[in-house]
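Letter by letter, the sequence shown follows residues 119 to 379 in this note's numbering. Quick notes on the structure that follows.
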Amino acid sequence: MNIKSLKFQIFRCIVVSGLFFSTHTTLKAQQDISFNYETWWGVMTSAQVAPQWSVWNDAHFVDQLFFIYRTGLTYHNKKDNIVGTAGYGWLRLTAPFSEGSLVRTEHRPWGQVIFRVPSTKKVSTSFRFRYDARFIRNVAQSDFLPGYSFNHRWRFNNALRYNWGNLISPNTRFTNSFLNEALFTTGPGSNGFRHEHRTHFLAGLAKGNINYSIGYVIRYINLSPEIARINHGMVFWVTINFNLMKGKLPTIKEFPGDHVD
């Protein structure tokens, strides 16, 4: 891909994001919106076990909201521009009666496909589709109910990344990332929000196989046509890529944006 084509891809991403936010600005004028602060912690790992295969393990935690441990098996094609993962996630969530304690269980088989657009050394972009099969423990206002509800969640993510290179020191790489994701829930279950939109602004510092990310997340949660909630706060992530084949740095690419929950 030449520079002109790459600029067009970036421009299209920016235009789509701008159209989304302008639409939601109109919706906000019609909804009663509440704001909640949250801090998002995450440790994400990928272990390369074969030339085109890696094992995914990560954990995310937001106090009084959720904890998730997720594992999976990832396949990278030879060009490493199409990446597919299938796995399972175990979650603990809050309940109406738990006063912020994470007491409610969710089982989440999941799968995703990432397409990395041909890019330059400085600028890269990717598109990710993820499917979550959500089995969430049923609850009432004061106690658990028997069984689990089931819903599908469909997630569409775009990641734009700028690599500043060795800006801080010769042995580190500094990057900025902008992640934009729309989430839609369908299915028979009553649990889960029908629509959510997440935007992450990240700064990353990588040395060797470890990437430290700090940033800010804004989550627009559409509870009903009349009510919405915006959760926002700091993000602290550590991403570690291992190579279990020869003990060297991984030969396949994985970024924090690939693992974002």
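Heads up, the beta-carbon is just placed ideally off N, CA and C, and yes, glycines get one too. Please read all numbers here as calculations on a predicted model, not as lab measurements.
Reduced DSSP secondary structure (H/G/I, E/B, other) of residue i
| i | result |
| --- | --- |
| Asp379 | coil |
| Ser140 | Low local confidence applies: a pLDDT of 46 at Ser140 is under 50, so the model's placement there is unreliable, and no value is given. |
| Pro264 | strand |
| Pro374 | helix |
| Thr304 | strand |
| Gly202 | strand |
| Thr243 | strand |
| Phe215 | coil |
| Ile186 | strand |
| Ser295 | strand |
| Asp181 | coil |
| Thr157 | coil |
| Arg312 | coil |
| Asn327 | coil |
| Glu344 | coil |
| Ala258 | coil |
| Ser287 | coil |
| Val235 | strand |
| Met162 | strand |
| Met363 | coil |
| Asn195 | coil |
| Pro227 | strand |
| Asn173 | With the sequence shown as reference, residue 173 is identified as Val, and Asn is not the correct amino acid for it. DSSP places Val173 in strand when its eight states are reduced to three. |
| Leu220 | coil |
| Thr357 | strand |
| Thr369 | coil |
Residue burial classification, residue i (beta-carbon count within 10 angstroms, cutoff 16)
| i | result |
| --- | --- |
| Tyr155 | exposed |
| Gln166 | buried |
| Thr304 | exposed |
| Leu367 | exposed |
| Ile370 | buried |
| Asn275 | buried |
| Ser152 | exposed |
| Pro236 | exposed |
| Leu320 | buried |
| Asp181 | exposed |
| Ser342 | exposed |
| Leu362 | exposed |
| Ser287 | exposed |
| Ser308 | exposed |
When the options are compared against residue i, the one with the closest alpha-carbon
| i | options | result |
| --- | --- | --- |
| Pro264 | Arg273, Ile254, His270, Arg271 | Ile254 |
| Gly322 | Ser331, His315, Arg316 | Ser331 |
| Phe268 | Gln259, Leu362, Asp250 | Asp250 |
| Lys240 | Ile232, Val231, Gly283 | Gly283 |
| Thr238 | Glu217, Asn281, Pro169 | Asn281 |
| Ser172 | Gly202, Gly307, Arg347 | Gly202 |
| Trp208 | Ile200, Phe274, Asn175 | Asn175 |
| Tyr266 | Leu183, Asn199, Arg222 | Arg222 |
| Glu372 | Ile186, His194, Pro236, Asn298 | His194 |
| Trp272 | Thr369, Gly375, His313 | His313 |
| Lys196 | Gly190, Leu211, Val161, Phe233 | Phe233 |
| Gln149 | Phe292, Ala346, Lys364 | Ala346 |
| Val378 | Lys364, Leu341, Tyr334 | Tyr334 |
| Thr317 | Ile348, Thr212, Val161, Val257 | Ile348 |
| Thr290 | Arg188, Glu344, Ala324 | Ala324 |
| Arg188 | Thr212, Val161, Lys364, Ala168 | Val161 |
| Arg337 | Gly307, Ala300, Gly326, Asn309 | Ala300 |
| His94 | Ala177, Ile200, Asn298 | One cannot answer for residue 94 here, as it falls past the ends of the chain, which runs 119 to 379. |
Whole-Å CB distance - residue i paired with residue j, under 8 Å assumed
| i | j | result |
| --- | --- | --- |
| Thr163 | Ile358 | 5 Å |
| Phe302 | Ile339 | Not really, about 12 Å apart at Cβ, beyond 8 Å. |
| Arg226 | Arg252 | 6 Å |
| Leu191 | Gly205 | 7 Å |
| Asp261 | Phe215 | 7 Å |
| Arg279 | Gly375 | 7 Å |
Chain B within 8 Å of residue i, Cβ atoms only
| i | result |
| --- | --- |
| Lys366 | Chain labels in this structure do not include chain B; a single protein chain is all it has. |
The stretch 149-167 contacting the stretch 347-359, beta-carbon criterion three pairs below 8 Å: yes
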